[in-house]
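Using the numbering used here, you'd call the opening residue of the first sequence number 65 and step up by one each time.
Every residue gets a Cβ at the ideal spot worked out from N, C-alpha and C, and that includes glycine.
Contents: one structure, followed by commentary.
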Amino acid sequence: MSEVRVRFAPSPTGALHVGSARTALFNWLFARNQGGKFVLRIEDTDLARSTQESVEGILEGMRWLGLDWDEGPGADAGEYGPYFQSQRLELYQKYIDLLLEQDKAYLCYCTADELDAMRKEQMAKGEAPKYNRKCACLSADDREKFAAEGRTAVVRFRSTDEGRTKVADLIRGDVYFDNEVLDDFVIRKSDGMPTYNFAVVIDDALMRITHVIRGEDHLSNTPRQIQVYEALGFAAPEFAHIPMILGPDKTKLSKRHGATSVTQYREDGFLPEAIMNYLALLGWSYNATQNIFSRDELVEKFSLAKCTKNPAVFDIKKLEWMNGVYLRELSAAELTQRAVPLLIAAGLIDKAEAEAQEERIKTIMAALQTRLHSLVDVVDSSRYFFTDDFTYDEKAVKKFLGRPYAVKLFGLLLTGLEAVESWSQESIEAVFKSVQQELDEKLGNVIQPVRVAVTGGTVSPGMYEVLELLDKELSLKRLRKGLEMAQQQAKQE
RNA sequence: GCCCCCAUCGUCUAGUGGCCUAGGACAUCGCCCUCUCACGGCGAAGACAGGGGUUCGACUCCCCUUGGGGGUACCA
C-alpha cells in the first residue's frame, strides 16, 4: 500500500481565507492521521492577481495555525518540486506538446469577442454555452493565416461527447457527468500559462498525490480533470469534496460577512487552537456529544468517512465561545505570555515593567481570565490596573456615586483602610464588612460605588481582589477620588 | 438556461428502518451561585422542507416538487 500524499494548493490572490484554511486543515489532519505527507503547492498561474505578499500571508497563516507541511515552499524536500506552478511551466508544456502530437488537443484562434458572441447566441437560443469547435479541425494553412493576422492561439483539450464520466467521491459517492455537457476547455492560455484544470492534473500526478481533498466548488470541474488524467495515461487520485462554508445569509462566505481571513482573526485575539477546533467541526464531527478536541485528538480521530455533505454556516458566536474555552484552559503563565505583548503595544506597560511585575501581571490575568472572549479583551479589561488614565462611565457615576450614603461610605472606607497594616483581601474584606454594618446597607450597595470609583465601571473581578492587586497606595488614591466625585454628585442634587 | 451537489432545532451537528416521546453544542430565556460581570450548575423553549411511494413500520430507502449552494472563463 502506497503512502498517503495530500496537498493544499492555494492561489495567492489574497489572504488565507477561513474556507481555505479549513480545506488545508482537513488535508493536514488526514495526512497526519494516515502517517502520510502533506504538500503545499502555490497555484500562481494567474499572473494578474497573484502576489508575493499573498504567498507570505498564506504561509504565515498556516504556520500560525500549526499546519506544517512536509513539502512545499521553504521546506527543503525538493523531490517533487518546484512547488510554485509558475516555476513548472516547462513541465506543463511537455504534456501539452504530447497532447498536441496525439491530436488530443488543438490550437484555437478564436478571440474573446468571437467567443462572447458565440455564447450570447447560444444563450439566446436557449442552448448551453459550449465552445462550437470552430478551430477543432484547422489545417496548417488555416493556422498560418490566423497567425499572420496577429491572432494568438490557446490550446484546447479535445473532449468527447460520448458516454459519461464517473467521479468516485469519498464523501459523496459516485457522481456521473454526461460528457456531452463538457466542452473543449482551454488548457493553455494565450500568455502561455496553463489553466487550473490542466495544471492541477499535471501537478497532482507528478507529485504523486493520492487523495485530493478540496472544496465542493471543484466537484463540477473534476470530470474535466479526469479526462485529462485519462488522456495522459495517469492514474487518477481519490477525490473527496468537502462542503462549502457559508455566511449567515447562506451565501458563500465573503468579506461582506465580516472577517474572513485567518490573519484578521489572529489580530482580533483568537487563539489558533480555537480556530482549528472550530474549523474542524465545520463539515466533520466525531460523535453526538464531543465539541472540544485538542490538536492531537483531532489528528487521532479525523476521518473522511465522518465528513458531512451539507454546507455549513460560519457561526462567529460559537467560535467566540470556543475561544473563551481555550482562553480559560490556558495557565496563568501562558495567558500572561500571550497578553503581555498586547499590553505593551497598548502602552499600558513597557518591557521593563512587564518583567518587574511579572507575578502581579500573572495574578491580574488569572483574575480576568473567565471574563475574556478574546485575547485582545485583556487591554480594555485590565487598563485600570496599570494607569489612572481610564474613563469613568458617566451613567455609573451618576447612579452609584450619587447615592445618598456615598459620601459617608467613602469617608468610612478611607478611615478604615488607611489603618490597615498588612494589605490583603482578608484585611480589606474586614473593613468593608464593618463599614457595611455601620451603614446598614447591603454588601452590593457598598461595593458597587467603590467599583465605579476604582475601575471606572460596573464590571470587574472581585472587589477585594482588585484592591489587593492595586496595592494600598493606589487604592486609597482612587477612593479619595471617589469621595470627591461623590461630593460633587451630592452638590448637584 | 443547462449540469452537479445538498436538505434534522436560529446555527453546527448525532441519527445508516423499529433503540426517537429525535440526542448534544452555540445562541436565546428562566432559576441557582453571587459584591458587579463572567465562569460554573440546573432547567425551558426550539427541528426531521412539502407531496407521493416502498415497508408490518420511515428522520432513515426511492421518485417528484420546493428551497439553498456550486459549476458552466484564456480565475483558481
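Give a yes or no on contact between the stretch 501-512 and the stretch 433-441, applying the rule of three or more CB pairs nearer than 8 Å.
no
Taking the straight line between their C-alpha atoms, what separation do you get for K523 and D267?
The count along the first sequence starts at 1 and reaches residue 523 at position 459. The count along the first sequence starts at 1 and reaches residue 267 at position 203. For clarity, residue 523 is Val in the given sequence; the question names Lys instead. Roughly 57 Å separates the two Cα atoms.
Go to K209, then tell me how far its alpha helix (DSSP H) extends in each direction, as first and last residue.
By 1-based counting over the first sequence, the position of residue 209 is 145. Membership of K209 in the alpha helix (DSSP H) is indicated by the continuous run 204-212.
Three-state class that DSSP yields for R113 in the structure shown
Here residue 113 is taken as the residue at index 49 of the first sequence, counted from 1. Residue state, collapsed to three classes: coil.
Let me know the secondary structure DSSP gives G279 once reduced to three states.
The residue labelled residue 279 in the question sits at position 215 within the first sequence. Three-state DSSP puts G279 in a strand.
Selection from S349, K415, G190, V82 that minimises the alpha carbon distance to A323:
In the first sequence, the residue the question calls residue 323 occupies position 259. It is V82.
Assign R69 to one of three DSSP states: helix, strand, or coil.
Along the first sequence, one-based indexing puts residue 69 at 5. Strand.
Cβ-Cβ distance between S438 and G521 below 7 Å
As a working note, residue 438 is residue 374 in the first sequence. As a working note, residue 521 is residue 457 in the first sequence. In this structure, G521 does not lie closer than 7 Å to S438 by Cβ.
Between I309 and F378, is the Cβ-Cβ spacing less than 7 Å?
In the first sequence, counting from the first residue as 1, residue 309 sits at position 245. In the first sequence, counting from the first residue as 1, residue 378 sits at position 314. Against a cut-off of 7 Å, the Cβ pair of F378 and I309 comes out as a contact.
Check whether the stretch 351-371 touches the stretch 406-413, counting contact only when three or more Cβ pairs, one atom from each stretch, lie closer than 8 Å.
no
Anyone know if the C-beta pair for P301 and T259 falls short of 7 Å?
By 1-based counting over the first sequence, the position of residue 301 is 237. By 1-based counting over the first sequence, the position of residue 259 is 195. Not in contact: P301 and T259 (Cβ atoms no closer than 7 Å).
Report yes if the CB atom of L131 is closer than 7 Å to the CB atom of A88, and no otherwise.
Translated into the one-based positions of the first sequence, residue 131 becomes position 67. Translated into the one-based positions of the first sequence, residue 88 becomes position 24. Yes.
Taking only the alpha-carbon atoms, compute the straight-line gap between E280 and A304 and give it to the nearest angstrom.
Counting from 1 along the first sequence, the entry for residue 280 is found at position 216. Counting from 1 along the first sequence, the entry for residue 304 is found at position 240. If I take the Cα positions, the gap works out to 9 Å.
Measuring only the C-alpha atoms, how far is E423 from A403?
Taking the first residue of the first sequence as position 1, residue 423 is located at position 359. Taking the first residue of the first sequence as position 1, residue 403 is located at position 339. Approximately 14 Å between the Cα atoms of the pair.
Pick from G297, A211, N196: whose alpha carbon is nearest that of A181?
Mapped onto the first sequence, residue 181 falls at position 117. When only C-alpha atoms are compared, the closest one is N196.
What are the uninterrupted segments assigned as alpha helix (DSSP H) that are 4 or more residues long and contained completely in the stretch 249-277, given in chain order?
260-270
Residues sharing a beta bridge with D238, DSSP
Locating residue 238 in the first sequence gives position 174, counting from the first residue. Answer is A232, bridged to D238.
Leaving aside the five residues before and after E136 along the sequence, list all residues of the same chain whose C-beta is less than 7 Å from its C-beta, in chain order.
Looking up residue 136 in the first sequence gives position 72. The sequence given here places Gly at residue 136; Glu does not occur at that position. Closer than 7 Å at Cβ, skipping near neighbours: V103, L104, R105, Y147.
Assigned secondary structure, G81 (DSSP; H/G/I helix, E/B strand, else coil)
As a working mapping, residue 81 is identified with position 17 in the first sequence. One detail in the question is off: residue 81 reads as His in this sequence, not Gly. Three-state DSSP puts H81 in a strand.
Pull up the DSSP beta-bridge partners for S325, would you.
Sequence index remark: in the first sequence, residue 325 carries index 261 (1-based). S325 is bridged to H81.
Would you call the CB atoms of A79 and G121 closer than 7 Å?
If you number the first sequence from 1, residue 79 lands on position 15. If you number the first sequence from 1, residue 121 lands on position 57. Between A79 and G121, the C-beta spacing is below 7 Å.
In whole angstroms, what is the alpha-carbon distance linking F464 and L547?
Here residue 464 refers to the residue found at position 400 when the first sequence is read from its first residue. Here residue 547 refers to the residue found at position 483 when the first sequence is read from its first residue. Those two C-alpha atoms are separated by around 12 Å.
For K555 versus W487, is the C-beta spacing smaller than 7 Å?
Indexing the first sequence from 1 puts residue 555 at position 491. Indexing the first sequence from 1 puts residue 487 at position 423. Taking 7 Å as the cut-off, the beta carbon of K555 is found no closer than this to the beta carbon of W487.
Extent of the continuous beta strand (DSSP E) to which V495 belongs:
Counted from its first residue, the first sequence places residue 495 at position 431. Careful: V495 lies outside any beta strand (DSSP E), inside the alpha helix (DSSP H) at 489-503.
Assuming Y483 is part of the beta strand (DSSP E), what are its boundary residues?
Start at 1 with the first residue of the first sequence, and residue 483 comes out as number 419. Here the sequence assigns Ala to residue 483, which means Tyr is not the residue at that position. Element bounds for A483: n/a, residue is neither H nor E.
Check whether the Cβ atoms of A200 and Y159 sit closer than 7 Å, and answer yes or no.
Position 136 of the first sequence holds residue 200. Position 95 of the first sequence holds residue 159. The answer is no: Cβ separation not under 7 Å.
Using only the alpha-carbon positions, how far apart do L234 and K459 sit?
For the purposes of this step, residue 234 is taken as residue 170 along the first sequence, with counting starting at 1. For the purposes of this step, residue 459 is taken as residue 395 along the first sequence, with counting starting at 1. Straight-line Cα distance between these residues: approximately 59 Å.
Please report how far the alpha carbon of E294 lies from the alpha carbon of I277, in whole angstroms.
As a first step, residue 294 must be located in the first sequence, where it is residue number 230. As a first step, residue 277 must be located in the first sequence, where it is residue number 213. Between the alpha carbons of E294 and I277 lies a distance of about 20 Å.
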